[in-house]
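Beneath this line is the structure, given in structure tokens, with notes to follow.
Residue numbers (the numbering used here): 163 to 763.
Pasting the structure below:
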């Protein structure tokens, strides 16, 4: 029988990256008896190889914990979330399935950019917030100072802030009590028609599509006929289970409970994250609000290294998009690379993670083109085009206005680094907005920056200019007109579409010279001279030449008339010219990636 909703609590843990969410989740599982000391290991919920290697959470994880307080059994559903800005969509999905959130702040580092962003996301979602200071066992901990910082920055009463240590387990019982006392039980009607929110899913080779759900109203049982409201398809429930933390089968799921369902769903396209499940025989009148579609900010082309793997890549992308709904893909073809897919991501780290997951989980060798953002173009005919691939930009004569996406970026930095960061933003065409001081030693600096200038290496440069103490968070404001143009790369007179990029006209020549110089270093020498040129429309702005590999054809001519040597050299020259007409220039993956690195040399 389903658990009484009055004794259920659904909560997530939100924090900046590396503030100890996963470590605290491990302690909650250990101290509630969900796992034994023998099963306990660091990052227990981060079961993906990439997560364990990088020490970060990429996917949100759900787990059901049974806890006894004052003689009463409670069921606590925990959703562990990522902290990196690229995975903010995972956090927003988790918050929609909860009534409360533990806001975790590192007692040594204090409030950071993602702490502020995630706290406001939880407040906007109307969640009960349980603030907690983590890592209080560390020598560098500054609990009193950080409490004041949380109160002044987020407006949370300092007396409500708990002190915990995810490493030693100190303060964890107080966290359990605070969750039960402060987080409200889930609302919902047990007798109403079934409504359950799909907050995640994955593909299993044996079971088909496995859906992760949170029940809002009604009851879900094995053998029940369910309808997916967005697609209208009807399926029969084969199995239901909870995460404890491994998948554990059960007979039913009631109001407020979180679990998984398999219903013989064969097609990946049938399931959509944020969709509502209802009873096919007694359907609900209206679906749940679901999720706002994530806005992709970075696009790049993914092509199989061997042309016969195109269908394998399509299947791998379909499987991955089911588990990660925040990236998009559509087929495209390139003269240089053949058939592949144009993929959209939430950021550079997200792009890197998706590429590595494809290569590992599906055993594919991939070639990736230079990432770029979406541009908006107003043509002379009055049409508005959204372009995510630079090769689709129309001729300069047809463009009335070229607009680029801009973002408001908030940096939280030590106050002695303000000058270095302002210089960094000025170099990237940034517009200064304001400076606020959180404490005498820490400040929030706000800038408006073009997204294209931000995505490549701003995060790395921020870390180096603030000695690792700077953090950033951004939100996209919209499109702004600017003096932009497409910079093409010609290798041997032929345009390489995969290397085209969009740049500001004022930086075009400098960027073009840097680009052809880098390509010259990456492209191997051939039997003929290779010219690498950067061009805006028909105007060449930069050129480098890779000299031909030459055989010393005059080596056997010692002495004699000079005309003999000249004849052999002319013959060689004719051969090189013929070779240049039919020869193909091999461009390596490193050459494509060298386009990304816009760092100072």
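Virtual Cβ for every residue (Gly too), placed ideally from N, Cα, C.
TODO: Would you mind stating whether residue 572 and residue 606 have Cβ atoms separated by less than 8 Å?
DONE: Yes, they are a contact pair.
Open item on the list: In whole angstroms, give me the CA-to-CA distance for residue 234 and residue 448.
Closed with: 35 Å
- [ ] Express the C-alpha separation of residue 315 and residue 302 in angstroms, rounding to a whole number.
- [x] 21 Å
Task: Buried or exposed by the 16-neighbour rule on C-beta atoms within 10 Å, applied to residue 648 - done: buried
Open item on the list: Would residue 710 and residue 691 qualify as a contact pair, given that the criterion is a beta-carbon distance under 8 Å?
Closed with: yes
- [ ] Please go through the segment 568–600 and give each complete alpha helix (DSSP H) segment of 4 or more residues, from N-terminal end onward.
- [x] 580–589
Task: Inter-residue spacing [alpha-carbon to alpha-carbon] between residue 675 and residue 681 - done: 10 Å
TODO: Indicate whether the contact test is met: 3 or more Cβ pairs, each with one atom in the segment 557–576 and one in the segment 595–606, closer than 8 Å.
DONE: yes
Open item on the list: Given this structure, state the Cα-to-Cα distance separating residue 593 from residue 616, to the nearest angstrom.
Closed with: 13 Å
Open item on the list: Bridge partners for residue 623 per DSSP, in chain order?
Closed with: Paired residue(s): none; residue 623 is not in a bridge.
TODO: For residue 564, name the three-state secondary structure that DSSP assigns.
DONE: strand
Open item on the list: Let me check one thing: in DSSP terms, what residues is residue 698 bridge-paired to?
Closed with: Residue pairing of residue 698 in beta bridges, as defined by DSSP: 701.
Task: Limits of the alpha helix (DSSP H) - the one that residue 510 falls within - done: 510–523
- [ ] Using the DSSP secondary-structure output, state which residues sit across from residue 634 in a beta bridge.
- [x] Residue pairing of residue 634 in beta bridges, as defined by DSSP: 573.
Task: Helix, strand or coil at residue 429 according to DSSP, with G and I counted as helix - done: coil
Task: Cβ-Cβ distance between residue 358 and residue 375 below 8 Å - done: yes
Task: residue 671, enclosing beta strand (DSSP E) - first and last residue - done: Segment 670–684 is the alpha helix (DSSP H) holding residue 671; no beta strand (DSSP E) there.
Task: Beta-carbon separation (whole angstroms), residue 389 vs residue 424, contact threshold 8 Å - done: Not quite, the Cβ-Cβ distance comes to about 16 Å (not below 8 Å), so this is no contact.
- [ ] Flag this pair as yes or no: are the beta carbons of residue 231 and residue 261 separated by less than 8 Å?
- [x] For residue 231 and residue 261, no; Cβs fall outside 8 Å.
- [ ] Output the distance between the C-alpha atoms of residue 665 and residue 523, rounded to the nearest integer angstrom.
- [x] 35 Å
Open item on the list: Going by C-alpha to C-alpha distance, which of 229, 697, 685, 659 sits closest to residue 673?
Closed with: 697
- [ ] Compare the beta carbon distance of residue 173 and residue 263 with 8 Å and say whether it is the shorter of the two.
- [x] yes
Open item on the list: At the level of alpha carbons, what is the spacing between residue 475 and residue 272?
Closed with: Distance between the alpha carbons of residue 475 and residue 272 is about 43 Å.
Open item on the list: Which of the three DSSP states is assigned to residue 403 in this structure?
Closed with: strand
Task: Enclosing alpha helix (DSSP H) for residue 334 [first to last residue] - done: 334–344
- [ ] Could you tell me how far apart the beta carbons of residue 356 and residue 380 are, in whole angstroms, since I believe they sit closer than 8 Å?
- [x] With a Cβ gap of about 3 Å, residue 356 and residue 380 count as contacting.
TODO: Select from 729, 561, 608 the residue whose C-alpha is nearest the C-alpha of residue 632.
DONE: 608
Open item on the list: What does the Cβ neighbour count give for residue 599, buried or exposed, with the cut at 16 atoms within 10 Å?
Closed with: exposed
Task: Backbone CA spacing between residue 533 and residue 297 [nearest angstrom] - done: 38 Å
Task: Proximal residues to residue 336 (C-beta, below 6 Å), its chain only, five neighbours per side dropped - done: 324
TODO: On the DSSP bridge assignment, give the partners of residue 480 in chain order.
DONE: According to DSSP, residue 480 shares a beta bridge with no other residue.
- [ ] Spatial neighbours of residue 499 within its chain, please: CB distance less than 8 Å, with the 5 preceding and 5 following residues excluded, ordered by chain position.
- [x] 463, 465, 529, 531, 660
TODO: Spell out the partners DSSP gives residue 398 in its beta bridges.
DONE: 387
Open item on the list: By the DSSP assignment, the alpha helix (DSSP H) with residue 368 in it spans what residues?
Closed with: Note, residue 368: premise wrong, no alpha helix (DSSP H); not H, not E.
TODO: Kindly give me the distance between the Cβ atoms of residue 364 and residue 372, rounded to whole angstroms, as I take these residues to be in contact under 8 Å.
DONE: 5 Å
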